[in-house]
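Below you'll find the structure, written out as structure tokens, and then a few comments.
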Amino acid sequence: MTGRSAAVISTIDAFSERMGRIICWLAVIEVLVVVVIVLLRYLFSIGHIGLQESVIYINSALFAFGATYTLKARGHVRVDFFYNRLSGKAQALVDMLGAVLFLGVTGVFIIWTSWDYVALSWSSLEGSPESSGLPFVFLLKTLIPVLAGLLLVQGVAEFLRSLEKFRS
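The sequence shown runs contiguously to residue 277 in the numbering used here.
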């Protein structure tokens, strides 16, 4: 592996690893918030729209930031039935094509198509349509291109890793 490729892969992987370790705590927070919502609702007959919406925000952030770690950990769904029967070079080629054709094209498409949608939301600092809801819908929508961007960055590491495997 070339020094430059190794440095890029190592930097991106370290970032994704750190993000995964931090973001996993959002799952714990989400469970605690849901428990509070249930207790308030069924023990005290209190409903809180802001708390209910916060579960959507937490879950969205967990998904958006966790997807990068999942890609790094090779946890995304794949069709291993055929893949496992391929040689190492063929697997590397499939991974490179997948990184470019699926991850790359899809990531760029998501960023391109969501840009105006997110910009419009930011221009009005869009908030919840509910009177007691959270006023941060614009931040929630921002997670769309952020997710795609983070996946593209991790996709670069995956492509370089596969390229090195293909060359060896």
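Using N, Cα and C, we set each Cβ at its ideal position, and we do this for glycine too.
Nearest residue (CA-CA) to residue i, options the options
i           : options            : result
residue 253 : 265, 266, 230, 117 : 230
residue 145 : 135, 134, 157      : 157
residue 179 : 277, 113, 235, 133 : 133
residue 215 : 262, 122, 251, 233 : 262
residue 120 : 257, 181, 161, 197 : 181
residue 251 : 173, 203, 266, 161 : 173
residue 234 : 221, 223, 249, 222 : 249
residue 139 : 199, 116, 163      : 163
residue 165 : 142, 184, 153, 183 : 142
residue 202 : 116, 224, 115, 277 : 277
Between the CA atoms of residue j and residue i - distance to the nearest angstrom
i           : j           : result
residue 212 : residue 247 : 25 Å
residue 190 : residue 275 : 20 Å
residue 135 : residue 255 : 17 Å
residue 125 : residue 244 : 29 Å
residue 175 : residue 128 : 7 Å
residue 113 : residue 264 : 16 Å
residue 222 : residue 228 : 11 Å
residue 169 : residue 122 : 22 Å
residue 198 : residue 159 : 51 Å
residue 260 : residue 153 : 43 Å
residue 186 : residue 226 : 28 Å
Reduced DSSP secondary structure (H/G/I, E/B, other) of residue i
i           : result
residue 186 : coil
residue 234 : coil
residue 194 : coil
residue 271 : helix
residue 241 : coil
residue 222 : helix
residue 216 : helix
residue 119 : helix
residue 177 : helix
residue 111 : coil
residue 129 : helix
The region 260-276 / the region 231-243 touching (three or more Cβ pairs under 8 Å)
Because the criterion of three Cβ pairs below 8 Å is not met, the region 260-276 and the region 231-243 do not touch.
Just checking, does the region 192-208 make contact with the region 141-155 on the three C-beta pairs under 8 Å criterion?
As far as the Cβ criterion goes, the region 192-208 does not touch the region 141-155, which means the pair count is below three.
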